[in-house]
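Numbering-wise, the sequence shown is residues 712 to 1014 according to our numbering.
Structure record follows, encoded as structure tokens.
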Amino acid sequence: MYTGGQMTRLTEFIIMKTGFVNIFGQPNAGKSTLLNALMGEKLAIVSPKVQTTRHRIKAIMNEKDYQVVISDTPGIIEPRYKLHEKMMKAVKGALEDSDVALLIVDVKEDFATSDAIFAALHLKVPALVVVNKIDTVNKDRIDEAVAYFESRPYCKGTIKTSASTGINIKAFLKPILALLPEGEPFFTGDDISDLPTKFFVSEMIREKIYELLGDELPYHTAVLVREFKEKTTLVKIVADIIVHRETQKVIVIGDKGSMIKNIGSKARRDIEEFLQQKVFLELFVKVKPKWRDNELYLKEYGY
Ligand SMILES: Nc1nc2c(ncn2[C@@H]2O[C@H](COP(=O)(O)OP(=O)(O)OP(=O)(O)O)[C@@H](O)[C@H]2O)c(=O)[nH]1
Ligand SMILES: [Mg+2]
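Take a look at the structure:
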């Protein structure tokens, strides 16, 4: 019996572990830091303030034997503005297409609050609890977290990690890959995200606002990239920083423009690193009262 033809064909099948692995948790638990650590690249902005991430950010991890589409999501909160509702819609979207859920907790924080949030997700897919920030506590506290979450009905296992001090990616992915189905890759080519460059540029500017401006102001701010032009020697970018009130505009501009200059030069450095190109960045500040509750503005700013 001749089987040669079939055998050749069989080797063409790509059998790999594939699926959507989505990260959920309270604000500030380290979701974006974890995504960046797994990707080995800064795709999601990070800050010590809560509610930094406002979108679902999909990133694609490609290896010979797996394709994991991993998503960062906004921290789970009770919505107070339309903007928050959009953020929670992004969480819901990620819940719906998860193959595996990564439920992340800051090991320093009280476990019951995260537990209530995770239970309320009513997950239909297997979940692993990521016990994060283990660099900040002693071993007893880590053991306590593991024992607590392993007793919860939604939890298939725990992963202890410190997303900000370095991750062993292979070891981290092992229990996740074990839960993923086999199939064909969802994405071909070598894109590492489904989001456009403009999105990452506006996020890098927003990150500097979180870093440099006081408590409330970042939450009243959006960034809109109005122009993105690739010239021969550099990329010209024009962006608006949107605030609610004139008084906030004054703060963002700063004394003789010192604050906006600082935001601009810090953001420019990150954007140049990201694009691997020289950047000319021009920033403007615009006042749009109550933009967080205005459908039209929210849409315009990418929410
Ligand atoms: N010490 C320590 N800090 C961490 C670790 N992971 C994250 N952080 C810090 O925790 C803060 C919040 O991290 P993010 O990644 O922005 O948290 P997030 O869950 O994405 O927050 P939101 O987007 O607001 O929901 C930042 O200051 C991080 O540097 C960790 O493993 N150890
Ligand atoms: Mg985040």
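For glycine and all other residues, C-beta sits at the position ideal for the given N, C-alpha and C.
(1) Can residue 755 be considered in contact with ligand 2, in the sense that its beta carbon sits closer than 7 Å to one or more heavy atoms?
(2) Nearer than 7 Å: is that true of the beta carbon of residue 742 relative to any heavy atom of ligand 2?
(3) In this structure, how does DSSP classify residue 1017 when only helix, strand and coil are distinguished?
(4) When DSSP labels each residue in this structure, what does residue 815 get in the three-state scheme?
(5) Considering only heavy atoms of ligand 1, does any lie closer than 7 Å to the CB of residue 736?
(6) How many Å lie between residue 982 and residue 754 at the Cα?
(7) Could you pull out every residue in the same chain whose Cβ sits closer than 7 Å to the Cβ of residue 852, ignoring the five residues on either side in sequence?
(8) According to DSSP, residue 1031 sits in a beta bridge with which residue or residues?
(9) Pull up the distance between the alpha-carbon of residue 764 and that of residue 783, whole angstroms please.
(10) Would you decide whether residue 824 is buried or exposed? Buried here means 16 or more other CB atoms lie within 10 Å of its CB.
(11) How long is the line joining the alpha carbons of residue 899 and residue 964, rounded to whole angstroms?
(12) Tell me whether residue 973 sits in a helix, a strand or coil according to DSSP, three-state version.
(13) What ranges does the beta strand (DSSP E) occupy inside the segment 866 to 912, keeping only unbroken runs of at least 3 residues that lie completely in it?
(14) So is the beta-carbon of residue 843 under 7 Å away from any non-hydrogen atom of ligand 1?
(15) In terms of residue numbering, what span does the beta strand (DSSP E) encompassing residue 770 cover?
(16) Pick from 731, 760, 751: whose alpha carbon is nearest that of residue 928?
According to the data block:
(1) yes
(2) yes
(3) The chain is shown only over 712 to 1014; residue 1017 falls outside these bounds and no answer can be derived.
(4) strand
(5) yes
(6) 11 Å
(7) 818
(8) This structure does not reach residue 1031, given that the chain is present from 712 up to 1014, and the question cannot be answered.
(9) 8 Å
(10) exposed
(11) 44 Å
(12) helix
(13) 866 to 871
(14) yes
(15) 768 to 774
(16) 760
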